[in-house]
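Residue numbers (numbering that gives the first Met the number 0), protein chains in the order written: chain A, 0 to 334; chain B, 0 to 307; chain C, 0 to 543.
Using N, Cα and C, we set each Cβ at its ideal position, and we do this for glycine too.
The structure presented is a predicted model; accordingly, all values stated were derived computationally and were not measured.
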Amino acid sequence: MLSFIARRLSVAIPTLLILVVLSFVLMYSAPGGPFNSERPLPPQVLANIEAKYGLDQPFWKQIVNYVWSVTTQFDFGPSFQYKDRTVNDVIAQGFPVTLTYGFWSFVVAVVVGVSLGIAAAIKQNSWLDYLAVGISVGAQVLPNFVMAPLLTLGLTLGWFWMTGAALLPGGGWEGGVIVAACAEKDNFCFGLPWGGAWRFDYLIMPVIALSTSYMASIARITRSSMLEVLNTNFIRTAKAKGLPMGRVIRKHALKPTMLPVLSYLGPAFVGMITGSVIIDVFFSTGGIGQFFVNSAFNRDYSVIMGITILVGALTMFFNLVVDILYAWIDPKIRY
Amino acid sequence: MYPNPSTVEALEDAALLAEVQGRSLWADARTRFFRNKAAVVSLVVLALIALFALFGQFLTQYERDTVDFALMGANAHKGAPSFETGHYFGTDNSGRDLFARVVQGTGISLMVGIVGAMVAVIVGTLYGAVAGYFGGRIDNIMMRIVDVLMSIPFMFVLILMLVIFGRSIFMLFLGIGLISWLDMARIARGQTLTIKNKEFVEVAHATGVHPMKIILRHIVPNLLGIVIVYATLLVPSMIIFESFISFLGLGVQEPNTSLGALISEGAGSMQYGTLWQLIFPLIFFVLTIFSFFFVGDGLRDALDPKDR
Amino acid sequence: MTFSHKMMASTAALLIASSSTVWADGHATHPETGETLATDQTFTYRDLDESPSIDPGVAEDSAGGDILRDLFEGLYNQAADGSLEPGVALSHTVSDDNLVYTFTLRDNAKWSDGSPVTAGDFEYAWKRAASPELASPYSWYIELMAIENAAAVIAGEMDPSEMGVTAIDDTTLEVRLSQPLPYFDQMVTHFTTFPVPEAVIAEHGAEWTKPGNMVSNGAYVLTEHVPQEKLVRERNEMYWDNANTIIDKTTSLVINDENVALTRYLAGELDRTDVPAGQFPALQAEYPDQAVSVPLACSYYYTVNMTDTTNPALLDPKVRQALSLAVNRDVVVEAVLAGGQKPAYTFTHWATAGFETPDTPIAGMSQEERDAKAKELMAEAGYGPDNPLSVNLIYNTSEAHKSVAIAITQMWKQTLGVETELANQEWQTFLETRGNQDYELARAGWCADYNEASTFLDLMQSESGYNDAKYVNARVDELLAEAKTSDNPQAAYTEVEQIISAEVPIIPIYHYAAVKMFAENLEGWPLENFQQNWYSKDLYKVAE
Numbered sequence: 000m001l002s003f004i005a006r007r008l009s010v011a012i013p014t015l016l017i018l019v020v021l022s023f024v025l026m027y028s029a030p031g032g033p034f035n036s037e038r039p040l041p042p043q044v045l046a047n048i049e050a051k052y053g054l055d056q057p058f059w060k061q062i063v064n065y066v067w068s069v070t071t072q073f074d075f076g077p078s079f080q081y082k083d084r085t086v087n088d089v090i091a092q093g094f095p096v097t098l099t100y101g102f103w104s105f106v107v108a109v110v111v112g113v114s115l116g117i118a119a120a121i122k123q124n125s126w127l128d129y130l131a132v133g134i135s136v137g138a139q140v141l142p143n144f145v146m147a148p149l150l151t152l153g154l155t156l157g158w159f160w161m162t163g164a165a166l167l168p169g170g171g172w173e174g175g176v177i178v179a180a181c182a183e184k185d186n187f188c189f190g191l192p193w194g195g196a197w198r199f200d201y202l203i204m205p206v207i208a209l210s211t212s213y214m215a216s217i218a219r220i221t222r223s224s225m226l227e228v229l230n231t232n233f234i235r236t237a238k239a240k241g242l243p244m245g246r247v248i249r250k251h252a253l254k255p256t257m258l259p260v261l262s263y264l265g266p267a268f269v270g271m272i273t274g275s276v277i278i279d280v281f282f283s284t285g286g287i288g289q290f291f292v293n294s295a296f297n298r299d300y301s302v303i304m305g306i307t308i309l310v311g312a313l314t315m316f317f318n319l320v321v322d323i324l325y326a327w328i329d330p331k332i333r334y
Numbered sequence: 000m001y002p003n004p005s006t007v008e009a010l011e012d013a014a015l016l017a018e019v020q021g022r023s024l025w026a027d028a029r030t031r032f033f034r035n036k037a038a039v040v041s042l043v044v045l046a047l048i049a050l051f052a053l054f055g056q057f058l059t060q061y062e063r064d065t066v067d068f069a070l071m072g073a074n075a076h077k078g079a080p081s082f083e084t085g086h087y088f089g090t091d092n093s094g095r096d097l098f099a100r101v102v103q104g105t106g107i108s109l110m111v112g113i114v115g116a117m118v119a120v121i122v123g124t125l126y127g128a129v130a131g132y133f134g135g136r137i138d139n140i141m142m143r144i145v146d147v148l149m150s151i152p153f154m155f156v157l158i159l160m161l162v163i164f165g166r167s168i169f170m171l172f173l174g175i176g177l178i179s180w181l182d183m184a185r186i187a188r189g190q191t192l193t194i195k196n197k198e199f200v201e202v203a204h205a206t207g208v209h210p211m212k213i214i215l216r217h218i219v220p221n222l223l224g225i226v227i228v229y230a231t232l233l234v235p236s237m238i239i240f241e242s243f244i245s246f247l248g249l250g251v252q253e254p255n256t257s258l259g260a261l262i263s264e265g266a267g268s269m270q271y272g273t274l275w276q277l278i279f280p281l282i283f284f285v286l287t288i289f290s291f292f293f294v295g296d297g298l299r300d301a302l303d304p305k306d307r
Numbered sequence: 000m001t002f003s004h005k006m007m008a009s010t011a012a013l014l015i016a017s018s019s020t021v022w023a024d025g026h027a028t029h030p031e032t033g034e035t036l037a038t039d040q041t042f043t044y045r046d047l048d049e050s051p052s053i054d055p056g057v058a059e060d061s062a063g064g065d066i067l068r069d070l071f072e073g074l075y076n077q078a079a080d081g082s083l084e085p086g087v088a089l090s091h092t093v094s095d096d097n098l099v100y101t102f103t104l105r106d107n108a109k110w111s112d113g114s115p116v117t118a119g120d121f122e123y124a125w126k127r128a129a130s131p132e133l134a135s136p137y138s139w140y141i142e143l144m145a146i147e148n149a150a151a152v153i154a155g156e157m158d159p160s161e162m163g164v165t166a167i168d169d170t171t172l173e174v175r176l177s178q179p180l181p182y183f184d185q186m187v188t189h190f191t192t193f194p195v196p197e198a199v200i201a202e203h204g205a206e207w208t209k210p211g212n213m214v215s216n217g218a219y220v221l222t223e224h225v226p227q228e229k230l231v232r233e234r235n236e237m238y239w240d241n242a243n244t245i246i247d248k249t250t251s252l253v254i255n256d257e258n259v260a261l262t263r264y265l266a267g268e269l270d271r272t273d274v275p276a277g278q279f280p281a282l283q284a285e286y287p288d289q290a291v292s293v294p295l296a297c298s299y300y301y302t303v304n305m306t307d308t309t310n311p312a313l314l315d316p317k318v319r320q321a322l323s324l325a326v327n328r329d330v331v332v333e334a335v336l337a338g339g340q341k342p343a344y345t346f347t348h349w350a351t352a353g354f355e356t357p358d359t360p361i362a363g364m365s366q367e368e369r370d371a372k373a374k375e376l377m378a379e380a381g382y383g384p385d386n387p388l389s390v391n392l393i394y395n396t397s398e399a400h401k402s403v404a405i406a407i408t409q410m411w412k413q414t415l416g417v418e419t420e421l422a423n424q425e426w427q428t429f430l431e432t433r434g435n436q437d438y439e440l441a442r443a444g445w446c447a448d449y450n451e452a453s454t455f456l457d458l459m460q461s462e463s464g465y466n467d468a469k470y471v472n473a474r475v476d477e478l479l480a481e482a483k484t485s486d487n488p489q490a491a492y493t494e495v496e497q498i499i500s501a502e503v504p505i506i507p508i509y510h511y512a513a514v515k516m517f518a519e520n521l522e523g524w525p526l527e528n529f530q531q532n533w534y535s536k537d538l539y540k541v542a543e
């Protein structure tokens, strides 16, 4: 197992390099450039700017310089669009935000999704099954961009109870879950016995909007996987031996059920902690998704590269984690 | 060690038998599927939606792109759904007949969803099954390729594709499909890893059946259950994905539209009293997804050979 | 100059007025109007997007300008009506040949760290903005100001020290121009000309714009900045006119979606937001005191590709005229946008200072006459039901642009039988396509850099980098050159507009309006200001 992990990690570095070169090439072949705007810049001004950012150098040299500064100094360069900031600044500011609401969304999606899926599978074709299926389909039916404004209208403008009083703030980010103290107007803020307070009012809507579609997918994959497992011979044998259902599920059915779910969770987790443009757009959270979309549209090469590398590294890391979990659940898998 | 001739013969007989049985297996599946009421009803609904998309245009006097200038601007009260004006679903913000637009949007969305999901499922399943079956270095290389591709921002790839190859609906299908096969590949691989340790695969392998034949004959059919469930998950998410692309300005061009685009437009104006602009496309969207879900589920139950 | 005397007088009046106001108690009143002020003097507004920079030398967008006008103060400020008010400079004199401007600075202006603002800070800032080392995307503004040697400095041919701006002493700034520029004094209200603190920049480098590092000389200081989320600025105790500043804290929130922004406004989280296209009449009916529409210095038009890469039909002036005539601008402004915009038959915005909208044949007709004439012209050009014209139109991704394009292409279809293929492109692709003349018809918009008609019409010059139609007309070039030095350029502008109207290299559609929601208790907004340049220090909230 250890040699397997070592082998995988040794592949990770060249993979990242390939990723860097590939996205570099893709990016430069897209039309437009970071300094195009409605008012085209005078050629001399453009030349000054390109010289400043090293864009006047030959293509291969740019790649080499970039890779060099990333690997030796962990420096992703200055942002072309946000001229007061470096890519490191952008990531340092945006990523913790996305990570926070992404993590909580993941927790909610997995807990609710897996429970719904298992409950539905055990009581197949019962009202519980239909309810679970209904909830998960309903969650998937409402796209993010319908759910997000609906939540804002309902909970911020008070449409859901017609009083017109705001229950939750319509957006923004307060920097973290632990705050110094609660303000008077904060709902969902609880003082902690050891000082400070736990505040999550601004987190609720992003987490609901982000987690539901993942939750639905997880519930459905869990349900179908569980049904399949319950029909296998060893579970039938276990049931035939008269073991109580709960025990059969816990001891025997759960692990194999989780295999396809796990395959889904790796990418889903990365998806949740990285690519939530709609959440950032509708709740003004200032997460990485918004930065990414903006930089793609503004051809902010360095920010795209920085975020791409971050996402790439995370994806590889979590795929590795999934594979390790796989091996742990099903020792028969050979590497 | 070579298998002795009689064993090979017996296995060939078994394979023949399996083929005969295979046919009846599908027939059985069909019977089982039609016993599932929810699935049958959903299939009917899907067929109706498809008919609506194909022929709905004949039910209205309006074209999807004709602007009724008299209704523009006064949309919130005059553009409401009404049989009198012939705008059964009301009009959109630009004063165009929403019924005609929903007809067209449903068609495009169905096409994007089905074609996209098909591309993703076929490519993903084969890729994942091959990687999982061969294992070792091949698996490693193939899955690293998936990792690399997954780490590339999909939106950027799409922007590039749409720019380099021009904006056609076909490119959109292909682009969406080719990007979404990655998840499928990982799931298929994960399943293959367990299936390939099963006796029947090991026997086939031991008797020297060609690996591609094993994959197509033994692995892929056993993946069908999970593949179909995933495909039904994929169709609606393709439709949503398409609307996200439209939302970014890279989707279907006006005057064409899609359900996702109509919903996002409707969602944008739901606070201004034109709720019908959201409700009608959403109804078709919901019906489509529900139907795909139940049909997929019915197929799963019907095809699952262990359920006999 | 009489101008400077008047300014001195108004400043003096202001100082006297403010000294008579007592601030200490909770029931403070406004020094001039006497209204009772609210206890909570914070102003929160929506920005569409994060500004690329808040360094005055580097900043490039108007939202960044709003922030910078709070944080920094230039030589002059704009009053509510757009006229000049003393900022750091009290007055200026101009040499007889109109080439040398000498500004007299106030001696009580201070940076937020307490050090005095001197003429040297301006000299440093202007030279910095032009220098190739800073490589500012707005360095062209310094060149536009016609400062001596600025072009050569930007081109890297001369050292910034040779640029025509010199601090004679701490309170005297001398600027030498390469050619007379009648509106030069207007240009020093722009953020590119704001002073920057040399010592702070030397200490922190590029990090100097971060909260904690930044030292500024405006009425506010930067206290918090979370990109893509919010920027907070609070009262600068060192500001020379701090006693008259009423708003304590201004927060700009980045909210990308305008509908969400409106929701949050209605929930009371914001004091100002934008009205989504088409929603103004309903909002005005429901909130008459809050929904506001005022002219904004931008024009919206479709540009026609006049090079040989275009659709050959569009090279026929009759076709272009027909397309322009068939656009029912009243429908566009009343039904599609419905936000108080005005139909445009000329390129220059109707509210531009000193500009009189000239008579053009198209403006005088009724829409029926226009449609009839358009059909006639199309027939003459050889297009009709048997030989329909098809064109394509590109626009950049936006709900509003889409609605306008849908309406206009339908007008063309319904009136002239012209089939239009719409192509919506994301911004960078759009700019590239349009800039390379890889289009037939394209959406375009232009906002005034300063309040004078040439800011619009210069785009029609053959050599202009912004002339995406690649329209070439020697007479227009001649007239525009003439207007630069003329005392009364209106005649030239009228002729240019008439030529454009006849030849239709662009199809003007409407003149913008700023359509906003303002909190009921927010007062002091400069609605009359054509460029919508506002200062938090002029705002205040009254008690309800």
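Relative to A:S212, the option among A:P168, A:S9, A:L264 whose CA is nearest is A:L264. Taken through DSSP and simplified to helix, strand or coil, C:S402 comes out as helix. Not one beta carbon of chain B lies nearer than 7 Å to the beta carbon of A:L8. Using a Cβ distance threshold of 7 Å, B:T256 and B:R100 count as a contacting pair.
Annotated three-state conformation of C:I505 is strand, per DSSP.
Per DSSP, the beta-bridge partners of C:P85 are C:Y75. With a 10 Å radius around the Cβ and a threshold of 16 neighbouring Cβ atoms, A:Y129 comes out exposed. Proximity of A:V320 to chain B, defined by a Cβ-Cβ separation below 7 Å, is not satisfied.
Legend: CB atoms of the region 248-278 of chain C lying less than 8 Å from CB atoms of chain A belong to residues L252, V253, I254, N255, D256, N258, V259, T262, R263, L265, A266, G267, E268.
Counting along the chain, the unbroken alpha helix (DSSP H) around C:G434 starts and ends at 426-434. Annotation: C:I245 has no Cβ neighbours in chain A at a cutoff of 7 Å; minimum Cβ distance is about 24 Å. By the beta-carbon neighbour count (other beta carbons within 10 angstroms, threshold 16), B:K36 is exposed.
In chain order, L192, T193, N196 make up the part of chain B whose C-beta sits under 9 Å from the C-beta of A:D329.
Here C:Y219 carries a strand assignment [DSSP, helix/strand/coil]. Chain B places a beta carbon closer than 7 Å to that of A:T14, counting this residue as a contact.
With a beta-carbon spacing of about 16 Å, C:R232 and C:D39 fall beyond the 8 Å limit used to define contacts.
Straight-line spacing of the CA atoms in A:L309 and C:T170 works out to 51 Å. For A:T314, the nearest CB of chain B lies under 7 Å from its own CB, placing it at the interface with that chain. Sequence-ordered contacts of the region 247-264 of chain A with chain B read L258, P259, S262, Y263 [C-beta pairs closer than 7 Å].
A distance below 7 Å separates the beta carbons of B:F88 and B:P80. Distance from the Cα of C:N391 is smallest, within the candidate group C:K126, C:E439, C:T41, for C:E439. Taking a 10 Å sphere around the C-beta of C:V291, we find 16 or more other C-beta atoms and assign the residue as buried. What B:T65 touches in chain C, judged by beta-carbon distance under 9 Å, is Q409, K412, Q413, going in chain order. Below 8 Å, enough C-beta pairs join the region 386-406 of chain C and the region 429-437 of chain C to call them touching: three or more.
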